[in-house]
Structure formats: C-alpha cells, structure tokens
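Asks: Before I ask anything, here is the structure I am working with.
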Amino acid sequence: MIKSIRIFASVLLVLLVFSGALDGQMNPENPKFSLTIKASKPEVTLGSDIDIAITTTNLTEKFLTFLFGNQGNVAVGFEYFVLDEKSAPVAKYGTRYLHFPDGQTVEYPKPPGKSMLGGIPPGESSQTGSKISDIYNFDHPGKYTIQVSRKEESSSIPVYSNIITITVLAPPTVADAPK
Amino acid sequence: MYPAAWPPGQSTVVTLTGNWTAPPTPVGCTSDSIEVQGTTPDGGGTLVPDPNVTISQITYGLAQTTFTATVLPTASVTKDLLSVFCKGIGCPSGSAVFVNILIQPPNPPPPPYVPFCPAQTVASITPGTWTAGKTYNITIKGTNFLETASNSNESCAALDVQGNGTIIDPMQIFENAYGSTQFPVNVVNATTITATMQVPSNAPTEQATVWLLEGCDPEADMGCPDNYPGYLTFPVQIIGCPVPTITSVTPSTWFAGETYRNVTITGTNFITKDKPTADCPLTAVSIQGADGTVVPISNVSVDSKEKITLTGVAPPANTTTETATVTVGTAPSTATSASLATQPQILGNEIHCDPSLGCTQDVISTTDSSDPPPQDAVVGQKIALNANPNLPAAFTPIDTKWTVDGTKIAGYNPTTGPTDVTPLKPADLKKSAITFYWVYPNNASPVAIPVTYSYCVNIPGASPVKQCSLTAKASFNLSGPGDQQMTTDAYDRLNVDMLIDKNNCATIQDDSDPYLEYGNISGFEFPCLGTTTGNPQGIIFTPPPSSSGSYSFVQLISKDTTTYTFGKNVLSCPTIPGLDDRYPYPLAPPNFDKTWDYPGVKLVPSESKVSRTFKATMYLLWKSSKTGAIPVPIGSQNWTIAQGRTTNSGYPTSQNWTPPVWNSLGENGDPVDYVTSAPSNPSYGYPTWNGPAASAPVPGCPTDTTQADEAQQGEKQ
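Line by line, the protein sequences give chains X and D.
Per the numbering used here, the first sequence starts with residue 1, numbered consecutively.
Per the numbering used here, the second sequence starts with residue 180, numbered consecutively.
Written out as structure tokens, the structure is:
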C-alpha cells in the first residue's frame, strides 16, 4: 500500500508540473462501473470525524461482483488515497495500544466485521460509507484531497473515483471559545 | 318623282318636280296630260294606257306637280312608263317627259312588335308591409300574368325582391323564376300571382321593391324591343326590428355544476318588456356550448336597451371546458348571434395522466356520477398526475385539493446517510400536479383506489364570488408482486474458524488466524478479495421469484456489542445502530438470487475471552420494473446472536479457543418472527436509519484494523 501511495504521489507530482491541476488517476477507457465519492461535510474541525459516501454504479447489463463488507467503520474492498495540501500522502494510524489502569497494555482489539462477495445488479448502484478519519491521521489544519479506487472481483484493473477536497479547520482558540 | 313604285290596291300620292311650264300650257297645246302606259302585256301593252292605273287629283305647279295614282288591286307587278305631255295638234315636239315607274308593293314595313308576353302591369301586392323574420303568402294583382309566353314555354312571371337596391338572395329568386320548388311562385291566372316570401330576420326597416320580371326576357335570344323595361316594380314596406349587439358578459367564466344568479349582458338595441310589439317581441337570450350543450337560464330580465340581467345560469355538471356563445335575439329559433367581446367559458375539472404512466387516455377523470376509467398501476410506480382547469390567466385556483386513498408516500430515497420515508405533505396535496407512490396493493378490496381533485376560484360578479369546481375522480387498480415472502435458513452454531492470513493481499502466509464466526467459514482473512468462503454461511435469505420487478435487501443492525476480556480487564464495544454495510445489501454470487450474513471477529492471543451479541433485521424490498419506480417493503426478518462467546485457555501467550456457545435462534436454529410489511408498521414498513451502523466512540474500542493490519504486514516484510 505504501508503495502504491508513493507511485500515486509521483503521478500527482508529474500532473502538477505539466498541467498545473490535479486530474486524478486515469480510468479504463470503457469502465464497467463508476465510482463516486462525496463528503458528508466539506469542512470539519481538526479532530472531527471525516465521513465519505461511496457510490458504485454498474454500467453494464450484467451483475458485477465486488468485495463487500466492513471492518469497524471502514468499508472494505476499496483503496483510499489521501493527500494533504502539499500533495503529500497523509499518514495512517499505526498500531494503537490500550492501557488499563492496572498497568496492563494491550493492542487495540480487532473490530467485528465481515468481508463477502456480492453483486450489483445491471444499472444499479450500491452506496456505502467510510469514516476515513479512522484510518488516516488528519493531524493539521489544511486542505486534503481524497480519492478511492476499487476493482471488480474478477479484474485487476482499478477504477478511480472523483477527487474531493476536505478542509480541516483549526480548533477555536481559547479566546474564540464559548464563554 | 317619288315614289316611283306604286303598290297595287292603293292610291299613291305622287309628286313631280322639275322645270314644269304649265300653266300656261305651251303654245299650241290645248292642255297637259299625265298618263301611264304599259310596257308589258301585264300593263296593257306597249304604249297603251295601263288599265290598272288611274290618275286623278292632278295639281300643277311650276316647280312641283302632284297627283294621285290609284292602282287596281289586281294589277300585276310590272314596269310602266309615266308620261307627262301636251295635248293638242300644235304642241311642240319634245314636250313629253317619260318616267319609268313600277307597279309593285312597296318595301314591306317593319311588322308591328308582338311581345312574347303581352304587356303586364302590377296593380297591388298584398300584404304590402312585411316584418323582418316573418314569412308571408303574398298576392300580386295585375294584368297579363300568363303562365307561358306565346312563343315559348317560359314563364311570363317571376318574382324578385330588392331592398335598397340590394338583391336579397338573387339566386333563389332566379331559381324561383324558372320553376324552383324551393320558393314557389304560382301564377293563378292572368291577373293573380301568389308566392311565399320569407323576410330575413336581420332586415332593417326600409322600403323594399318587388321586382316582377316580364315575359320578355331581355337576355333571351329573341331579344326585346328597344327600351323594353323587362321588369315591373312595386314597393313594399319592410319593418325590421333593431339588431341587438353584445359588448360584454359578466361574469364570463362559469363553472360546471354551479348556478349563477347575476349574469349581466351589456350591449345595444335590446327590446325591453315595456317596448315589445307584435313584430318585435321582448329580447330573448339563449346560451349554448360549442358542443351543443344548452345552458339553462331561469330568468331573463331586459332591464334597458343596454342591459340584460340573467338569473339562474346553470351550466350542467357534466359540461367540459369549452367556449359558450350567448345569443340575443327576437326569438330563440332565429336568434341574432352576437359577437362577444368576452366569450364566456364553462370550466370543467380534469385529472390528466402523465405519459410515463401509460394510462388508457390523457384525461382519466369524470365529474359526474359515472365511474372513471380505472387505470392500472403497480406499487412503487411513480404516479404523476396533474389537474388542468385551463383557467384564464386572471384566475388563480384556491383551495386546490387532491385526495389519494391507499397507503402512499412522496418518496423513498435510501442512502448511507439518514434515510426515511418522505410522506405526502398537505402542501403536496394543494399543488396542481402531484407525484406519489403507492406502497401496498389494494388486496383487501377489489375496488379501485380513488384519486380526486377539486379547486375553487374567486370570480368577480359571481354569487357567491368563490366558486368551486366539481370533484374530478380517477381510479387505479393497484397490483404488486403478490403474497410473497423471503425464506430464511440459519446455521445452528458459532465456530472458531481459522482463516488464512494474506500478506498485503498478495502473498499467502503460512499461518492462519482464528475468528469467532457465525457459520462455518473458510478461506482468506479480509479484506482481501476472495476471502471467507464457506458453507453454510451463517444465515441465508432467499427472495421469492419475481417476473415484473426485482427484489433487494436492506439490513439494519439494532445491536452489536463485542466484549473483549484481557485477563482481569474487560472492554465492551457497542455499535451505534444503523445500516449494515451498504444500501442495498449485496446479493451473493454466482446467481445473485440470495444474500447472507456471517458476522465475525478476529481473535488474538492477548484476549482471554471474547463474547458478542448481535441483533439485526433483514428487510426484503421489491421494485417494479416501471420507469422511476421506488422499492416497496415486502417483509422483514429479525435474527439474533445472543451471548455468543469463546474462551482462550492459551491466554496470554497463545490461542486455544473453546468451542463457542450461544443462545440459538428460534426453533431449530431458524428465526421465526418473520414480519410481513403492513401500512400500520412504522414508516409504512420501510427500513429507515440515521446512518451506517458504526462503532461507538468508546476509548480503546477498535474502529478499524484494515489499514493498521496492512501497515503491520508491510512492516513484517
């Protein structure tokens, strides 16, 4: 995944140098499905949840099979690309540890979930959501771009979504805080 | 000399001119003589006095001499020689003058004119005063009205009438003259003609002229003598009634089924009740729609020459929207059709069907007691209707109102975000167009589901001002997928299954990790593709077959709490209820004719015990194949994993999990509380949610491991 992100960042850099705009990843010429993402809020305060809705639409006349399911609050079957305003990949959370009062320290337990194959009927859409702030550490104010991709179960060619921008605002200062 | 031709049987005065010498007679002459001598045997022989001619009454003069020549009627046509000479022995020679004359009839004179019909006269026409709009049997008295001319079979009499020089229906008159039966003229005898004459109702008061065509037709081939008049004329007096006009009708908009008690017509030349005559009665009013609908009027009051008040104008209830014509005249049967400055309209009330519905007709409503044509519709189908009162721009409908029976909603648009049914709001029912969806078929009764629309408008001048339409009624026969429900097959226990670890979803690792699973699962760990195949997979839901639509699933999680025990420490992680995974819940390959669920949780050595309680409801929805249809609820199935748990005897360094225990589902492991969706259910039986089911923000509770695991796996490399 890290390698993928590095490649993605390189592509972005090239695009920025030569076109001056972030056009996102190239999709197949005739994709079988489309991927659209939308943020629940375009602006959030630092530390708030960032939720995105992901819509997959079958553009063919046959069922398309994908991996469905979720782990915790994140939909499985997708790859997520998150860049900050400097086009630098945003770091993911690493292993997190739980510290009990008696001094016991354990890894966070694994969340329940499932991962299953499922079909999207011809012409229909399937919508899911991910709390992307559970994966990536939006640790400073600024603008972040988010894009996702997924593959059909029987294909190795990914299809990329649109790119959205999320603005993370600095928390209110003490002076600004409600009295 | 002239004339030089003397007709037999006549006495001709002959004049001689020239250098005459007598008197006195020339010297040597005893007297002058005038004789006629024949030149042929018919004239008595050569130089023999013609015995057929006698000369008398000679009057001599120097320049001119006259005499009378009488020719016997029996004289033959011949050439004679007239000689004037001296008589006596001593007459000088050459004293005779000879002139050739002819004994023959003169050029025949023009024959006297003998008309084909004798001269005609008109003495009287009775009656001589005609009233507009009436029909008269008139009698014309005169002379020489012959039915047939003496030299042809043509009529000698014809009738024509003109007023102020304008021929009234000349073709008809012409036809009449030559025997048309449309306008009978009867020449009774030589002195009497009878005819029928209809005076146009719009004839003004004036002096008209009856034209009588004489027997000689000036245009006939035989011709007529010069100055032959051709026509006889006789005056008659036309009494016309004033021609009314209409300038306005107020109010000019009437609604079917309503009664208007004060309709005012303004115009000119109305005949009031104080001024009627035998010929020009009280002005009458009639109203008729374009389709022939007669609009009854209770009372007509001609208030003045310029104003008529109608009371009880009552367009029939079944009148469609159309233009009506108000007619004001002296008699309804021959009424003067006035042109209206404002044409009143009779407005109906109609429900129109959107073409997408595929109705049998555009207008699907009735406003009378008849049943509207029922339309076929399917639950979930987009029902788009609009009312078209076709009101003039000056009128704005008020109190518009739709009524829709049955269980209906304005919409259902499921997303991963907050999703609920959009009900039909009162405001929706007040618009001219309405769009809605029925949720349930009318299984309880075969009667078609009614839809109605009505409205009111304020009409200045109407009494009352607020006038309301009749109710337009439409009806729909609703159908659905039938009495169907899904079937559920549930596995009867929990297992600790070993799922194969995958390194970055690329390389299969040698080890496997245990999972507390509902079902008997094998395969790869998530989130890698191709993971978790097994049989049986937890709980399986199968929809009924459908030929006219498709089924889909939605699962809502109402409770999902996983409790992790780390020796003495316990962490309980609940889930915020909501939509499970996505909308719609995916159908399973390869046939996509069912779906399933097998929730699990990964186990790790640091955990001494893991337990889980899971409660969910799977909803079955059906969506018609009609364009724009939305899904409708069919039924739902609750299912529960209650207090499922397993214990790790290898804690804290290894994993040795005991067979899980749980409180099994219903009877024989299968859930039993299937619920058929019903209108009385919350949200009409639709699944609703506030958002995706999500891990509650409890400190220490995991929200995601996917990326962390991958990161770890990457680090392992």
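Positions of the beta carbon are idealized from the N, C-alpha and C atoms, including for glycine.
Is D/I280 closer than 7 Å to D/D259 when the C-beta atoms are compared?
Replies: Yes, Cβ-Cβ distance for D/D259 and D/I280 is below 7 Å.
Asks: Closer than 6 Å by C-beta to D/T837: which residues in its own chain qualify, once you throw out the five before and the five after it? Chain order, please.
Replies: If we look at D/T837 and ignore the five residues flanking it on each side, its Cβ neighbours are T825 and T826.
Asks: Spell out whether any CB of chain X is found under 7 Å from the CB atom of D/S874.
Replies: By this cut-off, D/S874 is an interface position.
Asks: When you compare each of X/E152, X/P172, X/V148 and X/L169 to X/Y80 by their alpha carbons, which one comes out closest?
Replies: When only C-alpha atoms are compared, the closest one is X/V148.
Asks: Out of D/T233, D/S658, D/T308 and D/T300, point me to the one whose CA is closest to D/V193's CA.
Replies: Comparing Cα-Cα distances from D/V193 to each of D/T233, D/S658, D/T308 and D/T300, the minimum goes to D/T233.
Asks: Might you give, ordered along the chain, the residues of its own chain that have their beta carbon closer than 6 Å to the beta carbon of D/L766, omitting 5 neighbours on each side?
Replies: Counting only Cβ-Cβ distances below 6 Å, and skipping sequence neighbours, we find T774.
Asks: Identify whether D/P534 lies in helix, strand or coil by the three-state DSSP scheme.
Replies: D/P534 falls in the helix class under three-state DSSP.
Asks: Decide yes or no for the touch test of the region 610-620 of chain D against the region 583-591 of chain D: beta carbon pairs closer than 8 Å, at least 3 of them.
Replies: Enough Cβ pairs lie closer than 8 Å, so yes.
Asks: D/V783 versus chain X: which residues are under 9 Å apart at the beta carbon?
Replies: By Cβ distance, chain X contributes V106, E107, P109 and K110.
Asks: Could you check which residue in X/P89, X/P171 and X/T167 has the C-alpha nearest to that of X/A39?
Replies: Cα-wise, what sits closest to X/A39 is X/T167.
Asks: When DSSP labels each residue in this structure, what does D/L782 get in the three-state scheme?
Replies: Of the three classes helix, strand and coil, the one that applies to D/L782 here is coil, per DSSP.
Asks: What whole-angstrom Cβ distance do X/K151 and X/P158 have, given they're in contact under 8 Å?
Replies: The Cβ separation is near 5 Å, so the contact holds.
Asks: Answer with buried or exposed for D/G188, where buried requires no fewer than 16 other C-beta atoms within 10 angstroms of its C-beta.
Replies: It is exposed - the Cβ of D/G188 has fewer than 16 other Cβ atoms within 10 Å.
Asks: Using the Cβ count rule (16 or more neighbours within 10 Å means buried), how would you classify D/V367?
Replies: Exposed, since its Cβ has fewer than 16 Cβ neighbours within 10 Å.
Asks: Kindly indicate which residue of D/P876, D/T867, D/A311 and D/W841 has the alpha-carbon position closest to the one of D/V600.
Replies: Checking every option, the nearest Cα to that of D/V600 belongs to D/T867.
Asks: Hey, D/M665 and D/P722 are a contact pair by Cβ (cut 8 Å); roughly how many whole angstroms apart?
Replies: 5 Å between Cβ atoms; contact.
Asks: What does the alpha-carbon distance come out to for the pair D/G659 and D/T545?
Replies: Answer to the nearest angstrom: the Cα atoms are 26 Å apart.
Asks: Taking 7 Å as the threshold (beta carbon to beta carbon), is D/Y865 in contact with chain X?
Replies: So no, D/Y865 is outside the interface.
Asks: Please name the residue in D/D776, D/Y863 and D/S691 whose C-alpha comes closest to that of D/Q716.
Replies: Of the candidates D/D776, D/Y863 and D/S691, the one whose C-alpha sits nearest the C-alpha of D/Q716 is D/D776.
Asks: Need the endpoints of the beta strand (DSSP E) that D/Q554 sits in, please.
Replies: From DSSP, the beta strand (DSSP E) with D/Q554 extends over Q554 to V557.
Asks: When the Cα atoms are used, what is the spatial distance from D/N448 to D/K484?
Replies: Those two C-alpha atoms are separated by around 5 Å.
Asks: Since D/G590 meets chain X, which of its residues come closer than 9 Å, beta carbon to beta carbon?
Replies: Residues of chain X passing the Cβ test: none, with the nearest at roughly 16 Å.
Asks: Take D/S815 and list the residues in its own chain whose beta-carbon comes closer than 6 Å to its own, dropping the five residues that flank it on each side.
Replies: Within the same chain, D/S815 has close Cβ partners T796, Y798 and V854.
Asks: Is the region 67-78 of chain X touching the region 734-747 of chain D, taking contact as three or more C-beta pairs under 8 Å?
Replies: Verdict: no, contact absent.
Asks: Find the residues of chain X that neighbour D/G746, judging by a C-beta separation of less than 8 Å, and give them in chain order.
Replies: The contacting residues are Q104.
Asks: Taking only beta-carbon atoms, is D/F771 less than 7 Å away from chain X?
Replies: Closer than 7 Å to some Cβ of chain X, the Cβ of D/F771 qualifies, so yes.
Asks: My guess is that D/Y147 and D/V675 are in contact by the Cβ rule of under 8 Å, so how many angstroms apart are they, rounded?
Replies: No answer is possible for residue 147 of chain D: the residues shown for chain D start at 180 and end at 896.
Asks: Report buried or exposed for D/H531, applying the criterion of at least 16 other Cβ atoms within 10 angstroms of its Cβ.
Replies: D/H531 comes out buried.
Asks: Name, please, each residue of chain X whose Cβ falls closer than 8 Å to the Cβ of D/S729.
Replies: Simply P121.
Asks: I'd like to know whether the C-beta atoms of X/Q127 and X/T65 end up nearer to each other than 7 Å.
Replies: Not in contact: X/Q127 and X/T65 (Cβ atoms no closer than 7 Å).
Asks: Contact criterion: CB-CB distance below 7 Å. Does X/T128 meet it with respect to chain D?
Replies: Yes, its Cβ sits closer than 7 Å to a Cβ of chain D.
Asks: Pop quiz: D/F703 and D/F720 are said to be a contact at Cβ under 8 Å. What is the actual Cβ separation, rounded to whole angstroms?
Replies: 24 Å between Cβ atoms; not a contact.
Asks: Taking the beta carbon of D/Q243 as the centre, do at least 16 other beta carbons fall within 10 Å, making it buried, or is it exposed?
Replies: Under this definition D/Q243 is an exposed residue.
Asks: Leaving out five residues on either side along the sequence, give the residues of the same chain with a beta carbon under 6 Å from the beta carbon of D/T345.
Replies: Here the model assigns D/T345 a pLDDT of 34, short of 50, so the residue's position is not dependable, and the following value carries that caveat. Correct list: empty, nothing qualifies.
Asks: Against D/A767, what residues of chain X qualify as contacts under a CB-to-CB distance less than 8 Å, listed in chain order?
Replies: Near D/A767 (Cβ distances below 8 Å), the residues of chain X are M116, L117, G118 and G119.
Asks: Look at the alpha carbon of D/T371 and the alpha carbon of D/C420, and state the distance between them as a whole number of angstroms.
Replies: Their backbone Cα atoms lie some 31 Å apart in a straight line.
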